[in-house]
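Asks: In terms of my numbering, the sequence shown opens at residue 676 and continues consecutively.
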Amino acid sequence: MTTQQTQHARPYHRVATVMSWPVATIDHQASLEEGAEALAADELGAVLVLADGGLVGILSERDIVRHVAAGATLSHLTVGEAMTSELTTAQVDDTILDAARAMRDADVRHLPVLQDTLIAGMVSIRDLLAVLIDGADGDDVVVVPSGTRVVVQQD
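(1) Could you check what DSSP says for residue 678 in three-state terms: helix, strand or coil?
(2) Just mark residue 743 as buried or exposed, buried being the case when its beta carbon has 16 or more other beta carbons within 10 Å.
(3) Since residue 732 and residue 760 should fall inside the 8 Å C-beta cutoff, what is the C-beta to C-beta distance between them, to a whole number of angstroms?
(4) Can you name the start and end residues of the beta strand (DSSP E) that residue 732 belongs to?
(5) Does the structure place the region 758-773 close enough to the region 785-794 that three or more beta carbon pairs sit under 8 Å?
(6) How many Å lie between residue 709 and residue 697 at the Cα?
(7) So what's residue 797 in DSSP terms, helix, strand or just coil?
(8) I need the straight-line Cα distance from residue 711 to residue 721, nearest angstrom please.
(9) Would you call the CB atoms of residue 754 and residue 705 closer than 8 Å?
(10) Note down the Cα distance separating residue 793 from residue 751, rounded to an integer number of angstroms.
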């Protein structure tokens, strides 16, 4: 996968500037064993799950570990049975900070990025962390005497 990350992305920039593309996908009828192999082969933390060409869920390392810990035989379960179907997503025009807040609120580490209803990319907490740290320490954050942090946008 490639990332379109710019060197100087800031928290107020569009999430599209740091998302990865292409995105790894898997069919919901694939075995959970195949899902685990797909994650391991590409060293990924999550893959998007498709049914009839549409996004229906996300399969993460957490999903697989939960089933392994329960003693499941991965070849006997489908990705669709193990995936997370309650998706939290971002739109390409959302800010990096908005995406980070959505991930925090949903307690997820991977966020599908959509252009309307089509898959546009994927962003992980790792993609956002450096931007947020750099933004917190950069010249574009001013702390006023009350302790309030103000982000100065310089586009």
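Glycine included, every Cβ here is placed at the ideal spot set by N, Cα and C.
The structure displayed is predicted, hence computed values, not measured ones.
Replies: Here's the rundown:
(1) Here the question's residue 678 lines up with position 3 in the sequence shown. Any reading at residue 678 must be qualified, since the residue scores a pLDDT of 45, below 50, and its modelled position is unreliable; the value itself is stated next. Looking at residue 678 - three-state DSSP - the assignment turns out to be strand.
(2) Locating residue 743 in the sequence shown gives position 68, where the first residue counts as 1. Its Cβ having fewer than 16 others within 10 Å, residue 743 is exposed.
(3) Here residue 732 refers to the residue found at position 57 when the sequence shown is read from its first residue. Here residue 760 refers to the residue found at position 85 when the sequence shown is read from its first residue. Confirmed, Cβ separation roughly 4 Å.
(4) Within the sequence shown, numbered from 1, the residue matching residue 732 stands at position 57. Per DSSP, residue 732 is one residue of the beta strand (DSSP E) stretching across 729-735.
(5) Verdict: yes, contact present.
(6) Walking along the sequence shown from the start, residue 709 turns up at place 34. Walking along the sequence shown from the start, residue 697 turns up at place 22. So the alpha carbons of these two residues sit roughly 19 Å apart.
(7) Sequence index remark: in the sequence shown, residue 797 carries index 122 (1-based). Strand.
(8) By one-based count along the sequence shown, residue 711 stands at place 36. By one-based count along the sequence shown, residue 721 stands at place 46. About 10 Å.
(9) Taking the sequence shown and counting its residues from 1, one reaches residue 754 at position 79. Taking the sequence shown and counting its residues from 1, one reaches residue 705 at position 30. In this structure, residue 705 lies closer than 8 Å to residue 754 by Cβ.
(10) Position 118 of the sequence shown, counted from the first residue, corresponds to residue 793. Position 76 of the sequence shown, counted from the first residue, corresponds to residue 751. Whole-angstrom Cα-Cα distance: 30 Å.
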